[in-house]
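Everything on this sheet refers to the single structure shown next.
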Amino acid sequence: MIYADNAATTQMSRKAIEAMLPYMEEVWGNPSSLYVFGQKAKEALDEARERVAACLGASAGGIYFTSGGSEADNQAILSAAKAGEKKGKKHIISTAFEHHAVLHTLEKLKKDGFEIELLDVHENGIVSPEQVAKAIRDDTALVTIMYANNEIGSVQPIAEIGAVCRERRVLFHTDAVQAAGHLPIDVQKQNIDMLSLSGHKFHGPKGVGVLYARKGIPLTNVIEGGAQERGKRGGTENVPAIMGMTAALEDACAHIEENNEKILKLRERLVEGLTKIPHSVQNGDREHFLPGTISFCFEGIEGESLLLLLDDKGICASSGSACTSGSLDPSHVLLAIGRPHEVAHGSLRLSIGENNTEEDVDQILKAVPEVVGYLRGISPLWKDKLAGKREFLLPE
Amino acid sequence: MSLYSEKVMDHFRNPRNVGSMENADGVGEVGNAKCGDIMKIYLKIDDNVVTDVKFETFGCGSAIASSSMATEMIKGKPLDEILTVTNKAVTEALDGLPAHKLHCSVLAEEAIRAAVKDYYDKNGIAYDAAQFSTSCAACHA
Numbered sequence: 001m002i003y004a005d006n007a008a009t010t011q012m013s014r015k016a017i018e019a020m021l022p023y024m025e026e027v028w029g030n031p032s033s034l035y036v037f038g039q040k041a042k043e044a045l046d047e048a049r050e051r052v053a054a055c056l057g058a059s060a061g062g063i064y065f066t067s068g069g070s071e072a073d074n075q076a077i078l079s080a081a082k083a084g085e086k087k088g089k090k091h092i093i094s095t096a097f098e099h100h101a102v103l104h105t106l107e108k109l110k111k112d113g114f115e116i117e118l119l120d121v122h123e124n125g126i127v128s129p130e131q132v133a134k135a136i137r138d139d140t141a142l143v144t145i146m147y148a149n150n151e152i153g154s155v156q157p158i159a160e161i162g163a164v165c166r167e168r169r170v171l172f173h174t175d176a177v178q179a180a181g182h183l184p185i186d187v188q189k190q191n192i193d194m195l196s197l198s199g200h201k202f203h204g205p206k207g208v209g210v211l212y213a214r215k216g217i218p219l220t221n222v223i224e225g226g227a228q229e230r231g232k233r234g235g236t237e238n239v240p241a242i243m244g245m246t247a248a249l250e251d252a253c254a255h256i257e258e259n260n261e262k263i264l265k266l267r268e269r270l271v272e273g274l275t276k277i278p279h280s281v282q283n284g285d286r287e288h289f290l291p292g293t294i295s296f297c298f299e300g301i302e303g304e305s306l307l308l309l310l311d312d313k314g315i316c317a318s319s320g321s322a323c324t325s326g327s328l329d330p331s332h333v334l335l336a337i338g339r340p341h342e343v344a345h346g347s348l349r350l351s352i353g354e355n356n357t358e359e360d361v362d363q364i365l366k367a368v369p370e371v372v373g374y375l376r377g378i379s380p381l382w383k384d385k386l387a388g389k390r391e392f393l394l395p396e
Numbered sequence: 397m398s399l400y401s402e403k404v405m406d407h408f409r410n411p412r413n414v415g416s417m418e419n420a421d422g423v424g425e426v427g428n429a430k431c432g433d434i435m436k437i438y439l440k441i442d443d444n445v446v447t448d449v450k451f452e453t454f455g456c457g458s459a460i461a462s463s464s465m466a467t468e469m470i471k472g473k474p475l476d477e478i479l480t481v482t483n484k485a486v487t488e489a490l491d492g493l494p495a496h497k498l499h500c501s502v503l504a505e506e507a508i509r510a511a512v513k514d515y516y517d518k519n520g521i522a523y524d525a526a527q528f529s530t531s532c533a534a535c536h537a
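Line by line, the protein sequences are chains G and B.
Residues in the first sequence are numbered from 1 upward in steps of one, following the numbering used here.
Residues in the second sequence are numbered from 397 upward in steps of one, following the numbering used here.
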């Protein structure tokens, strides 16, 4: 099997698994318990908090463990909204191509009377600090913009956007789910007030994530319960998962340059090879990108059939086609960067990691043109284009 | 359970009657590029019987499988019989489709009807227009 869907999830590393085992087999007490056995788990938790904080340039007091990136996004946005509302601020700035954990939370707030302004991300999938500066008003409660896009991999000028927000005294949250462990993060230097990340995107376990919130930002609970996470997130802490995520994050952050160097080599070959397919287009920015995330649209075909046939050839990938989203509309990300519906239906996302090999790239570069060619061969849409009855939307 | 039945995957991987046809007696094309599926069915008709059928489809796995299954269901059948092929029959023959994919079988039914209508129109054969009203627009609204 060739796994090229690392933006969906990653294989757990041996280090992460081994970091978890002691907290399932030996130190399995409840960190909230008073006796020494429980307090041992609490010590581990405190230590994990310090270690995660160190990876983000944060202080441990700002780290809250959650069930994952989605919960962290929900809590960050709802907290900022509530804090803003108290001061009469009900304007929130974001972008049209955020993850649904952000967009759906914003939609919910819209129903509660918040004004949501989604900034244009342009064809390259990047929003500028100038756009943010222009959009900020006196009643802006929050700016929430993702670090790197999950479908097309474009990387936003986070530090600059953060600086604009800081200057205008507006809270800045970034969904760093795709970036964490793959791009450097320093919440101090990058002027980040709140940040979300998810353990399973960098070889850690699923079902665990982090919300970072700068000291002094009042958090609203999404999950009510006990006094865990300084009372801001009820529920007994998932100590094994937290330990696994912490080990994975440390490992990923320690090897960012080395991993990316390797991934970039594979990426270059993939992009070069896929670009040769006529009437195709690469999505995302050419300079500011997540090394592992590669997105293309191929005209005249539909993405789900492409994925199923790649699966038959042992390749795991992803698409923003409507058929894979479970709705009639293709990916909101591809639409946000201006791809027409028809083109967006024919999308392919390959997300590679440091575990992929040159041989994987060989296989992918053999399989994708074959499958695209086959599907175009049975596509009446493609034939009409060849016959001049319909226009090509993408250049040859 | 996986998304698709084995039958869907079989027809998707090994589509029957795939291709185009020169001098077809009836051609039906339904769907649109914006919605992500277009189905085109070609009929060869002799003495009111479908003696050959071909299809081309732009669409997802279930769209390709539905087209393939529909062509098998109408090959060698008289016209009045193929007009009774419903999307439900196509779906059942495929051992079911996920709920959000049922429109693919609707497209197959409509492609068949459109091809028969084209044959009637080309040959000046009278028919009841109500028999050929399509619900495609409603499905993709």
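Glycine is no exception: its CB is placed at the ideal position from the N, C-alpha and C atoms.
Predicted, not measured: the structure shown is a model, and the values here were computed from it.
Got a sec, what are the start and stop residues for the beta strand (DSSP E) G:Ala-141 sits in? Per DSSP, G:Ala-141 belongs to the beta strand (DSSP E) from 140-144.
Would you please verify whether the beta carbon of B:Ala-429 is less than 8 Å from any beta carbon of chain G? With 8 Å as the cut-off, B:Ala-429 counts as an interface residue toward chain G.
Alpha carbon to alpha carbon, what distance is there between G:Gly-353 and G:Gly-199? So the two alpha carbons sit approximately 15 Å from each other.
When you compare the CB of B:Arg-412 with every CB in chain G, is at least one pair closer than 8 Å? When Cβ-Cβ separations below 8 Å define contact, B:Arg-412 makes no contact with chain G.
By how many angstroms is the C-alpha of G:Thr-105 removed from the C-alpha of G:Thr-293? G:Thr-105 has its alpha-carbon roughly 25 Å from the corresponding atom of G:Thr-293.
Quick check on the DSSP output: what are the complete alpha helix (DSSP H) runs of length 4 or more inside the segment 227-315 of chain G, in order along the chain? Entirely contained in the segment 227-315 of chain G, the alpha helix (DSSP H) runs reaching 4 residues are, in chain order, 239-254, 256-275, 303-312.
For G:Ala-213, which beta-bridge partners are listed by DSSP? Looking at the DSSP assignment, G:Ala-213 forms a beta bridge with G:Met-194.
Within chain G, the residues that B:Gly-457 reaches when beta carbons sit closer than 8 Å: Those within 8 Å of B:Gly-457 in chain G are Glu-304, Ser-305, Leu-308, Cys-323.
B:Asp-433 by DSSP, collapsed to three states: which one? Three-state DSSP puts B:Asp-433 in a strand.
Please check if any C-beta of chain B sits within less than 8 Å of the C-beta of G:Lys-383. Among the residues facing chain B, G:Lys-383 is included, as its CB has a counterpart in that chain under 8 Å away.
Assign G:Ala-317 to one of three DSSP states: helix, strand, or coil. In this structure, G:Ala-317 counts as coil in the three-state DSSP scheme.
How long is the line joining the alpha carbons of G:Val-368 and G:Thr-140, rounded to whole angstroms? C-alpha separation (whole angstroms): 46 Å.
C-beta neighbour in chain G for B:Arg-509, strict 8 Å: For B:Arg-509, no CB of chain G lies under 8 Å from its own CB, so it is not counted at the interface with that chain.
Mark G:Leu-402 as exposed unless 16 or more other C-beta atoms lie within 10 angstroms of its C-beta, in which case mark it buried. The requested residue 402 of chain G does not occur in the structure, where chain G is confined to residues 1 to 396.
Anyone know if the C-beta pair for G:Val-210 and G:Phe-65 falls short of 8 Å? In this structure, G:Val-210 lies near G:Phe-65, with their beta-carbon atoms less than 8 Å apart.
Return helix, strand or coil for G:Phe-172, following the three-state DSSP convention. Correct three-state label for G:Phe-172: strand.
Own chain partners of G:Arg-169 with C-beta closer than 6 Å, once the 5 adjacent residues on each side are dropped: For G:Arg-169, same chain residues with a beta-carbon under 6 Å away, outside a window of 5 residues either side, do not exist.
What does G:His-341 reach in chain B if we use C-beta pairs closer than 9 Å? For G:His-341, the C-beta contacts it makes with chain B under 9 Å involve Ala-429, Lys-430, Cys-431, Gly-432, in order along the chain.
How is G:Leu-350 classed by DSSP in three states: helix, strand or coil? G:Leu-350: strand per DSSP, three-state reduction.
By Cβ distance below 6 Å, which residues in the same chain neighbour G:Trp-382 in space, the five residues on each side in sequence not counted? Cβ neighbours of G:Trp-382 beyond the five flanking positions: Gly-300, Arg-376.
To the nearest angstrom, report how far apart G:Ala-247 and G:Ala-19 are at their CA atoms. Answer to the nearest angstrom: the Cα atoms are 6 Å apart.
Backbone CA spacing between G:Val-187 and G:Leu-103 [nearest angstrom]: Going from the Cα of G:Val-187 to the Cα of G:Leu-103 covers about 23 Å.
Decide if G:Val-333 is buried, meaning its Cβ has at least 16 other Cβ atoms within 10 Å, or exposed. Under this definition G:Val-333 is a buried residue.
Proximity winner among B:Ala-429, B:Ala-420, B:Tyr-515, relative to B:Asp-476 (alpha-carbon distances): Ranking B:Ala-429, B:Ala-420, B:Tyr-515 by Cα distance to B:Asp-476 puts B:Tyr-515 first.
With DSSP as the reference, label G:Glu-18 as helix, strand or coil. Helix, per DSSP.
Quick check on G:Asp-312 - is its C-beta less than 8 Å from some C-beta in chain B? For G:Asp-312, the closest Cβ of chain B is nearer than 8 Å.
Compare the C-beta of G:Gly-320 against all C-beta atoms of chain B and say whether one is closer than 8 Å. Answer no: the Cβ-Cβ gap between G:Gly-320 and chain B never drops below 8 Å.
8 Å Cβ cutoff, G:Pro-291 in contact with chain B: Not an interface residue.
Give the straight-line distance between the Cα atoms of G:Ala-179 and B:Met-465, rounded to the nearest whole angstrom. Cα to Cα, G:Ala-179 sits roughly 45 Å from B:Met-465.
Counting Cβ pairs, one atom from each stretch, are 3 or more of them under 8 Å apart for the segment 411-418 of chain B and the segment 446-454 of chain B? Under the Cβ criterion (8 Å, minimum of three pairs), the segment 411-418 of chain B counts as touching the segment 446-454 of chain B.
Do you know how far the Cα of G:Met-243 is from the Cα of G:Asp-384? Going by the C-alpha atoms only, they are around 56 Å apart.
Measure the alpha-carbon distance for B:Tyr-438 versus B:Asp-406 and round it to whole angstroms. So the two alpha carbons sit approximately 22 Å from each other.
Going along chain G, which residues have a C-beta under 9 Å from B:Thr-467? Near B:Thr-467 there are no residues of chain G at all, since even the closest Cβ is about 12 Å away, more than 9 Å.
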